[in-house]
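Residue numbers (the working numbering), protein chains in the order written: chain A, 1 to 316; chain B, 1001 to 1332.
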C-alpha cells in the first residue's frame, strides 16, 4: 500500500512538468500583447520597450519559462499586470473560495446522485428508475447559468429568502464559515451540485445494475445474508468507481465553474480566470491555470490511492 | 428408506419475464435421504440448475411462477417468510457454484466472507468465527490455510478457490449441500480432487448432496443415485449402478452412447443424439424427447407421459419401455 502510494506520487512528477509546459505555452501562443491593457494608448515606443524588459517579455521563451518555473516552485507566481498584486495571493484566495463552493456542491451532488443512482439501479426499469434517471438527465443537460438565474429570480428576487450574489455581506471577497456567509453559498452550491449529481447518478445506476446482475449477489443471498447485508456488499463494490467519478467531478468544478461564478459574482477561480483572460493578464492567467492543474493532479492522486485501498484488484 | 431430508414434489418453474412464458421445470419430484448424494444430470437448459435454485428460492421471485412443494428437514421452503428464508439459506442448506471467481465477492477476503456468513447465523465472536474458518480451510486441505484466509478470490488458483467455496458453504454446518456444476470450470486433475473431497466430506459429515452436472463421469464418482433431466422433466431416475448398467429411457441411452469409452476404435466418431433440445417457450405436445427419439411412434407425440416404475428405486418417463430394455442390451 505504502509502496504503491510512493510510486504513484513519483509518477505525478513528469505529469506536473508537462502541465507547467502546456500551461506556459498555451498562454504565450494566444494572440495579443499583454502590455496593451496597462499602457496608455499614446505610450511611446521607448516606454513600451522598458516595460517589456521589466516584465521579462523580451527574453526567449525558454528563458522566460525556466525563470517562471523556478519562481513558481518557490511559491512566487509573479505580479498581476492589471492590479500589481501578487498572483499567489490572488489565486490562493480565489482557490479557497472555489474549493469551498465546489466541495459543498460535490458533497450535495454525491449524496443525491448516489441516492438516485442506487434507487434507479435497484429498481431498474421500474417507474422509480424512470423518475430518478430523468432527474439525472435533467442534471446533466440543464444549462447551469440558466438554472442559477431561475433560482435567483425565485429565491432572491421573488421570495427574498437568500442573497443573490457575492460570497458574503458587503462584497466580501473572502468566504468564512458563519451563518451569514453560509446563506450566500446556498444558491450557487445548489446550482453547481446539479452537474455532479446527474453524472454520479448515472454512473452509480449503471454500476449497481451491473453488480446486481453478477453471480456473487446470488451467492450472497445463498449464504443467508439479509437484503441489507447484500446492499453493503453492493456499496463496497460500487464505491471505488463512484469515488473516482466524484474526485474527477470535484476537479472539473474547481476550474470549470466560470459561468456559475459569473452569475453569482462568486469571487473564485472562475471569475479570476474570466478577468485574467479579458485583461490579458498573463502572469495571473498562468498562475491560476497552474494552481488549478496542480489541484487536479493531486485530486487524481488521492482518488487513485483511495481506489486501490478499496479495491484489492487494483493494487500491484 | 428413512424419511427424506429434501423432498421436492411436482415442482414447476415458469419464467414470465420475457415475451412468452418459459417452462423451465415441469413436474419434477425428487427425494434425497439424509447422508445421500443425488446427481441431477442433463444438458444446458434442461432445468437442473433452476431446480436446484428453487430449493433455495433463488430464482427471481418477481419474474417466475413456482408450483409444487419443497420440504427441507420437514419445513416447507415455499411457505417461509423473508426472515425465516434467510436464516435457512446457508445454515440448513448451502450452495456451491460453478465458477467461484464469479460467485465470491471480489472485494472481500475469503476469511471475511466466511466470518460474515458464520456470524450471520450464529452469535459468536469474530475471533471464534475466524478460528472456525481456519479449521474449515484445513479441512478442505488448502495449504498454508492461515495466510490464505487473507487472500482475495482473484489471488487464488481455480482449484483452491473451489475448495474455499466449499469451506464457505460448510461454515454453518449445513445438512444439505447443493452443488451447481462445481467441477465444470476446473481442469481434469483438479476436478477429480474436488470430487473426491466432496465425497469424503459427504461421508464424514453425513451431508445430503444435490449435485448438478452435465458430466456423467463426475455424477458416477459422487452420487448414490442419478436423475436425468430433459426439457424441464426428470426422464429417468435410478441408483448410479442401475442407470449405467441398464438405462431405460431412450435419452439416457443416447447420453451413455455418446460418451467416449475404452472399446472405441481410434478415429471412430462418437455417437450423437440427432436434433436439438426443444424450445422451452414452445414445448411440443406429448413427450418432449419424441422428435429426437429413435423409438417414438404416433402415440408419443400427443398427451403427457407419466413416470413408470421399472424396478426397485428405478423409474423412467417413457411409453415404450418394453423396447428400451432390448435397445439397452445392444449398447456397449
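By construction, the Cβ of each residue, glycine as well, lies at the ideal position given by its N, Cα and C atoms.
{"Item": "Rounded separation between residue 261 of chain A and residue 243 of chain A - CA only", "Value": "25 Å"}
{"Item": "Proximity below 8 Å, CB of residue 77 of chain A to CB of residue 267 of chain A", "Value": "no"}
{"Item": "The stretch 63-77 of chain A in contact with the stretch 150-160 of chain A per 3-pair CB rule at 8 Å", "Value": "no"}
{"Item": "Residue 1332 of chain B (DSSP reduced to helix, strand or coil)", "Value": "Any reading at residue 1332 of chain B needs caution, since the residue's pLDDT is 47, under 50, leaving its predicted position unreliable; the model's value is listed next. Reduced to three states, the DSSP call for residue 1332 of chain B is coil."}
{"Item": "8 Å Cβ cutoff met for residue 1227 of chain B and residue 1278 of chain B", "Value": "no"}
{"Item": "Length of the line joining the Cα atoms of residue 1243 of chain B and residue 1216 of chain B", "Value": "11 Å"}
{"Item": "Amino acids of chain A, ordered along the chain, whose beta-carbon sits closer than 9 Å to that of residue 1089 of chain B", "Value": "221, 222, 223, 224 and 225"}
{"Item": "Contact check, residue 1208 of chain B vs residue 1006 of chain B, beta carbons under 8 Å", "Value": "yes"}
{"Item": "Own chain partners of residue 186 of chain A with C-beta closer than 6 Å, once the 5 adjacent residues on each side are dropped", "Value": "162"}
{"Item": "The stretch 6-24 of chain A in contact with the stretch 289-300 of chain A per 3-pair CB rule at 8 Å", "Value": "yes"}
{"Item": "Residues near residue 302 of chain A by beta carbon distance below 7 Å, same chain, minus five either side", "Value": "247"}
{"Item": "Span separating the alpha-carbon of residue 276 of chain A from that of residue 47 of chain A", "Value": "23 Å"}
{"Item": "Given residue 1087 of chain B as reference, the closest of B/1055, B/1122, B/1014 and B/1165 once Cα atoms are compared", "Value": "B/1122"}
{"Item": "Contact set between residue 215 of chain A and chain B, taken where Cβ atoms lie within less than 8 Å", "Value": "1097, 1099, 1102 and 1103"}
{"Item": "Three-state secondary structure assigned by DSSP to residue 1011 of chain B", "Value": "strand"}
{"Item": "Residue 98 of chain A burial status per 10 Å Cβ neighbour count (16 or more: buried)", "Value": "buried"}
{"Item": "Identity of the residues DSSP links to residue 1230 of chain B by a beta bridge", "Value": "B/1233"}
{"Item": "Contact set between the stretch 229-248 of chain A and chain B, restricted to residues whose Cβ is under 9 Å from the partner", "Value": "229, 233, 236, 237, 239 and 240"}
{"Item": "Cβ separation of residue 273 of chain A and residue 188 of chain A, assumed to be a contact under 8 Å, to the nearest whole Å", "Value": "Not really, about 16 Å apart at Cβ, beyond 8 Å."}
{"Item": "Unbroken beta strand (DSSP E) run spanning residue 1211 of chain B, endpoints", "Value": "1208-1213"}
{"Item": "Contact belief for residue 1104 of chain B with residue 1098 of chain B at Cβ below 8 Å, rounded distance in angstroms", "Value": "Contact doesn't hold; Cβ gap of about 12 Å is too wide."}
{"Item": "Within-8 Å CB hit, residue 127 of chain A to chain B", "Value": "no"}
{"Item": "Integer-rounded CB distance, given that residue 199 of chain A should sit under 8 Å from residue 245 of chain A", "Value": "6 Å"}
{"Item": "Neighbour flag for residue 311 of chain A against chain B, beta carbons, 8 Å", "Value": "yes"}
{"Item": "Short Cβ contact (8 Å threshold) for residue 1292 of chain B with residue 1273 of chain B", "Value": "yes"}
{"Item": "Exposure label - residue 295 of chain A; buried when at least 16 CB within 10 Å", "Value": "buried"}
{"Item": "C-beta neighbour in chain A for residue 1084 of chain B, strict 8 Å", "Value": "no"}
{"Item": "Per-residue contacts from residue 218 of chain A into chain B (C-beta, under 7 Å)", "Value": "1058"}
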